[in-house]
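Let me begin by presenting the structure, written as structure tokens, before commenting on it.
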Amino acid sequence: MYEGYVKFYRCLLKKAWINKPEYCSLWVYCLLRANHKEREVFLDGHAKPILAGSFVTSRSRISMDTGIEPSKVERILKCFESEQQIKQQGFTKYRIISICNWSKFQDNKQEIEQQMNSKRTASEQQVNTNKNDKNVKNDKNNISASFDSFWKAYPARKGKKIGKPETQALFEKLSAQEQEQLLMAVSRYAASTDYPVDPIRFFKSREYPRGLWRDWIPELPADYQEQQKALMEEYEKDAAWQ
3 MYEGYVKFYR CLLKKAWINK PEYCSLWVYC LLRANHKERE VFLDGHAKPI LAGSFVTSRS
63 RISMDTGIEP SKVERILKCF ESEQQIKQQG FTKYRIISIC NWSKFQDNKQ EIEQQMNSKR
123 TASEQQVNTN KNDKNVKNDK NNISASFDSF WKAYPARKGK KIGKPETQAL FEKLSAQEQE
183 QLLMAVSRYA ASTDYPVDPI RFFKSREYPR GLWRDWIPEL PADYQEQQKA LMEEYEKDAA
243 WQ
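Quick note, our numbering runs 2 ahead of the 1-based positions in the sequence shown.
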């Protein structure tokens, strides 16, 4: 439960409550308590799915964990809600708090996509400046670097990873777009609780002739490109502010 990380953005410095320690403390607490992926919780006599970016709690539990008085916890949460930072669902014995725009700011598939975009941009610039015979070598280097990222991210099975040369051969047969999708898929697979199969079976097996990895490609929202563009604009504003 206490593993992993969350991201903090410099735009937080623009908040009017940034100089109020209890507000900052409670916001950090909410981010750290939020689920990084959907999970089921037993509530009111049945299993209830709690989405990524949400968590089950109560005012008294938050007060106990943070040391903030219950009445002030309520005021701070209402402030966050009015600023559209969170949403709350109240029940008799508990409440569900959801972080707004969780996937936009915390989901690592955007980070992977940005990394791949950076690699594509660097590769395109290199193509424009190098000779044709060097371009072939550079393409191979890029594929090798992408495979190294995949191999590093892939979860070990019984503490070992086998079949690296065979797996790399299958990786190199994929198109550039499929390689990008694979990197996003392996990130989700590694974060799951599924017992990992050997890497080569992640590409192709009797049960999954087209590859198990295709079942782990994240479904991007229809407005994903617009979201990413807005996020990059926010990054540029923060960089200019520095």
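Where is the CB? At the ideal position from N, CA and C, for every residue including glycine.
Contact holds between the region 56-71 and the region 32-45, because three or more Cβ pairs, one in each stretch, are under 8 Å apart.
By the criterion of a C-beta distance shorter than 6 Å, Pro198 is surrounded in its chain by Pro157, Arg159, once the five residues flanking it on both sides are discounted.
For Ala54, DSSP records no beta bridge to any residue.
The shortest C-alpha to C-alpha distance from Tyr96 to any of Gln183, Phe82, Ser84, Ser62 is the one to Ser62. Pairing Ala36 with Ile78 gives a Cβ-Cβ distance that is not under 9 Å. If you look at Ser100, you'll find it isn't in any alpha helix (DSSP H); it sits in the beta strand (DSSP E) that goes 97-101.
Between Cys81 and the set Cys102, Tyr25, Ser65, the nearest pair of CA atoms involves Tyr25.
Beta-bridge partners assigned by DSSP to Glu42: Pro51. In the DSSP annotation of this structure, the continuous segment of the alpha helix (DSSP H) that includes Gln181 starts and ends at 178-193. Between Val188 and Ala155, the CB-CB gap stays under 9 Å. One alpha carbon belongs to Ala49, the other to Glu174, and they sit about 43 Å apart.
Taking a C-beta distance under 9 Å as the contact criterion, Trp215 and Leu184 qualify as a contact pair.
For Gln91, the enclosing beta strand (DSSP E) has its first and last residue at 88-92.
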